[in-house]
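In the numbering used here, the protein residues as written are 2 to 190.
Printed below as a string of structure tokens:
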């Protein structure tokens with residue numbers, strides 16, 4: 002199994018600690034006046050979504066996590082499970098509602114997402130950074146309400162609810178940033 006020494010530590014690195022895969026979210030290099038250099042790392046457990054903070058001395062190493070990222074197409078939802086298909090091997094993967102977390106708000110059938118596999122088992126899925134979704138329900142805009150920064154809640158085709166500017170109407174297509182859940186712009190139909 003490959004391993005990373007402290008000189009390889011950086012944000013985005015996937016490592017294995019106590020048999021679980023972790024994503025290095027933050028890594029700070031600290032050089033005290035005396036002694037070894039220190040690496041203060043924050044890592045996210047890719048299975049349980051918990052955070053872990055550890056400090057490593059210069060020369061320490063961590064095992065590389067056996068994770069692979071694939072493009073997977075969202076096929077359908079079956080009860081509490083979401084079914085995806087690997088675009089190259091046509092193998093199907095199921096993720097439960099806990100693994101999908103809030104991602105369900107931004108995915109619709111046929112959409113291509115990034116899936117992380119650990120020992121060939123799916124653990125997380127990430128939608129594209131920007132998606133275009135249809136507004137299923139929106140309150141009509143109040144006439145004369147043209148003041149800036151007025152927002153209203155709308156319901157999207159996926160069932161998610163977000164705040165949008167008052168001029169957005171039902172059945173319009175809108176572009177959303179999936180990382181923040183914010184409205185970006187009206188999309189071309």
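For glycine and all other residues, C-beta sits at the position ideal for the given N, C-alpha and C. These numbers were taken from a predicted model, which means no experiment stands behind them.
Are residue i and residue j touching if we call contact CB-CB under 9 Å?
i	j	result
residue 164	residue 138	no
residue 174	residue 188	yes
residue 118	residue 159	no
residue 104	residue 123	no
residue 100	residue 76	no
By DSSP, does residue i sit in helix, in strand, or in coil?
i	result
residue 181	coil
residue 101	helix
residue 9	helix
residue 153	strand
residue 106	helix
residue 63	strand
Which whole-angstrom value describes the C-beta separation of residue i and residue j, a residue pair presumed to lie in contact below a C-beta threshold of 8 Å?
i	j	result
residue 63	residue 5	5 Å
residue 68	residue 15	5 Å
residue 73	residue 22	17 Å between Cβ atoms; not a contact.
residue 102	residue 131	Residue 102 to residue 131, Cβ: 19 Å. No contact.
Excluding the 5 residues flanking residue i on each side, which residues of the same chain have their C-beta closer than 8 Å to its C-beta?
i	result
residue 51	45
Grab me the residues of residue i's own chain with a C-beta within less than 7 Å of its C-beta, minus the 5 sequence neighbours each way, in chain order.
i	result
residue 152	164, 165, 166 and 167
residue 41	29, 31 and 56
Inset, instruction - Take every Cβ of the stretch 106-113, pair it with every Cβ of the stretch 54-67, and state whether three or more of those distances are shorter than 8 Å. - result: By the Cβ test, the stretch 106-113 is not in contact with the stretch 54-67, since fewer than three Cβ pairs between them sit closer than 8 Å.
Inset, instruction - Could you tell me whether the stretch 19-28 touches the stretch 82-95, using the rule of 3 or more Cβ pairs below 8 Å? - result: Touching, no.
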